[in-house]
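A.B. asks: In our numbering, the protein residues as written are 100 to 589.
Idealized CB from N, CA, C, for every residue including glycine.
Note that the structure is predicted; figures quoted are calculated from it, not measured.
(1) On a Cα-Cα basis, can you pick out the residue from 258, 172, 488 that is closest to residue 281?
(2) Please confirm if the region 431–446 is in contact with the region 408–419, defined as three or more CB-CB distances below 8 Å between the two stretches.
(3) Would you check if the distance between the CB atom of residue 418 and the CB atom of residue 389 is smaller than 7 Å?
(4) With a 10 Å radius around its C-beta and 16 neighbouring C-beta atoms as the bar for buried, classify residue 332 as buried or exposed.
(5) Output the distance between the C-alpha atoms of residue 577 and residue 570, rounded to the nearest integer angstrom.
(6) Taking the beta carbon of residue 123 as the centre, do at least 16 other beta carbons fall within 10 Å, making it buried, or is it exposed?
(7) Suppose the cutoff is 7 Å on Cβ atoms and the five residues either side in sequence are ignored; what does the same chain contact list for residue 546 look like?
(8) Applying the criterion that 16 or more other CB atoms from any shown protein chain within 10 Å of the CB defines a buried residue, is residue 161 buried or exposed?
(9) Going by the CB atoms, is the gap between residue 183 and residue 298 shorter than 7 Å?
(10) Using a Cβ distance threshold of 8 Å, determine whether the region 489–504 contacts the region 528–545, with at least three qualifying pairs required.
(11) For the alpha helix (DSSP H) that contains residue 124, what are its first and last residues?
(12) So what's residue 254 in DSSP terms, helix, strand or just coil?
(13) Does the distance from the C-beta atom of residue 351 to that of residue 314 stay below 7 Å?
(14) Can you give the beta carbon distance from residue 353 to residue 556, rounded, assuming they're within the 8 Å contact cut?
(15) Evaluate residue 403 with the Cβ neighbour count: other Cβ atoms within 10 Å of its Cβ, from every protein chain shown; 16 or more gives buried, anything less gives exposed.
(16) To the nearest angstrom, how far is it from the Cα of residue 255 to the Cα of residue 169?
(17) With a CB to CB cut of under 7 Å and the five nearest residues on each side skipped, what residues in its chain are close to residue 317?
(18) Taking the continuous beta strand (DSSP E) assigned at residue 311, which residues delimit it?
(19) Select from 200, 512, 334, 128 the residue whose C-alpha is nearest the C-alpha of residue 568.
(20) DSSP on residue 594, reduced to helix/strand/coil?
(21) Out of curiosity, what's the CA-to-CA distance linking residue 248 and residue 212?
(22) If you drop the 5 nearest sequence neighbours on each side, which residues of the same chain put their C-beta closer than 7 Å to that of residue 465?
(23) Would you call residue 263 buried or exposed, if buried means 16 or more other Cβ atoms sit within 10 Å of its Cβ?
(24) Assuming residue 564 and residue 525 make a contact with CB atoms under 8 Å, what is their CB distance in whole Å?
(25) To the nearest angstrom, how far is it from the Cα of residue 488 to the Cα of residue 473?
(26) Taking the straight line between their C-alpha atoms, what separation do you get for residue 334 and residue 328?
(27) Looking only at DSSP bridge pairs, what is residue 490 linked to?
(28) Pick from 268, 191, 235, 455: whose alpha carbon is nearest that of residue 215?
(29) Can you give me the Cβ contacts of residue 470 inside the same chain, cut-off strictly under 6 Å, excluding the 5 residues immediately before and after it?
(30) Please report how far the alpha carbon of residue 118 lies from the alpha carbon of residue 238, in whole angstroms.
(31) Tell me the rounded alpha-carbon separation between residue 101 and residue 141.
(32) Give the straight-line distance between the Cα atoms of residue 365 and residue 295, rounded to the nearest whole angstrom.
(33) With respect to the alpha helix (DSSP H) encompassing residue 440, which residues constitute its N-terminal and C-terminal limits?
(34) On the DSSP letters alone, give me the boundaries of the alpha helix (DSSP H) that residue 213 sits inside.
(35) Just curious, the alpha helix (DSSP H) that residue 289 is in, first and last residue?
(36) Note down the Cα distance separating residue 241 from residue 518, rounded to an integer number of angstroms.
So this is what it looks like as structure tokens:
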């Protein structure tokens, strides 16, 4: 008989397979390993010799050794692993629930038993486990998803679709979208139609559109994701995906100016708002209700209805806490609407108030602050060019600091626009020629980046600003050839 540290290997392996055990469970595990006649004696020797760590009446094989034992048993007798885990889960849900809760914490114990249930039935993710991970996602408790993934990895399920999903969600939260995409693609291609598949499809589409500019591929994936969610009658997920599809169509409309995209986006956004009422959090303040409402506000603004857009944005702002990233996003939409209504002072006040309460906690938060400052600058240029330039340059600095190519290019356009405004207001030409050259140089750098990003809307703005530069240069040349100031009225 093979031995480990003087004990039968089979007895030692089975104890190393479970997270921990007490004497009663230990004896059952010994019996399971074929040592029924001397189970109590073997267990007594193992626990008394200090081979198993002890705490509060529970024992555990040290982690480094347990990993070796578990791996050996996974290779030699997977059915034994499953029977041992079944015994552990059974005791953990009943007799051992209280002592395990003291050791792991109630949430930790719930995470452990639900994760082990997936190990036991890898092809059938229970509704309970699905509810558990959705709850963690909505509360942004991604560390729990990572912990659950580690449990699955430890029991040989690291390549399974559930572990792939959990790893993908963790990586996504960390901003590692390309790595997350690889995990999500495995989940999506499994052919299983469940909530994890739908979320994987949705987030793949976000990456394709936002990070890779593959908008057509993203929309195709969003269409298929909507089909899955309709089949599942997943109202919550459907609202999220419809809102994303509406925003993606809106982005494509801004680039290609195809009216069909705008009206399709409207259809999605209105359906998302109506569907959000069916969700568990479809009450004022609910996250998906907020997202759908703000998407509709942006669409109304794009369709030339700033009053209606501002009203919807105001509704969205009242659903979330001041100082949150969602409140900042809604404030930006309100400011754009007020700008279009030529209520510039109000627009600036809305954004200043929100920015005063906003403290970035992540790269995404920092990016949103940069965007908000850029919007603020676009408002302030109508009544205070110096404050506008200050906000625009701060926005540009932030974009460069986080290495956000798209935002840096757009902020460069705003800075250039304000500098041209200042040049047009000058009463003496001074350094105008050098200033125009600098603006022109910055615009060409931005144009190169926007071309790489295939940002048609940004390129349109760039070309318009370059035309302004050319016109000002011509005026400057005309006036310099005479005695008049180049920017004075004719």
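C.D. replies: So, from the data block:
(1) 258
(2) yes
(3) yes
(4) exposed
(5) 11 Å
(6) exposed
(7) 558, 561
(8) exposed
(9) no
(10) no
(11) 122–131
(12) coil
(13) yes
(14) 4 Å
(15) exposed
(16) 10 Å
(17) 304, 307, 308, 347
(18) Segment: none, residue 311 is in no beta strand (DSSP E) and carries neither H nor E.
(19) 512
(20) Nothing can be reported for residue 594: it is not among the residues displayed for the chain, which extend from 100 to 589.
(21) 13 Å
(22) 459, 497, 501
(23) buried
(24) Not really, about 17 Å apart at Cβ, beyond 8 Å.
(25) 10 Å
(26) 7 Å
(27) None, per the DSSP bridge assignment.
(28) 191
(29) none
(30) 27 Å
(31) Its pLDDT being 44, under 50, residue 101 is placed unreliably in this model, and the value from its coordinates should be taken loosely. C-alpha separation (whole angstroms): 15 Å.
(32) 27 Å
(33) That residue, residue 440, is in no alpha helix (DSSP H); it is neither H nor E in DSSP.
(34) 205–219
(35) Element bounds for residue 289: n/a, residue is neither H nor E.
(36) 44 Å
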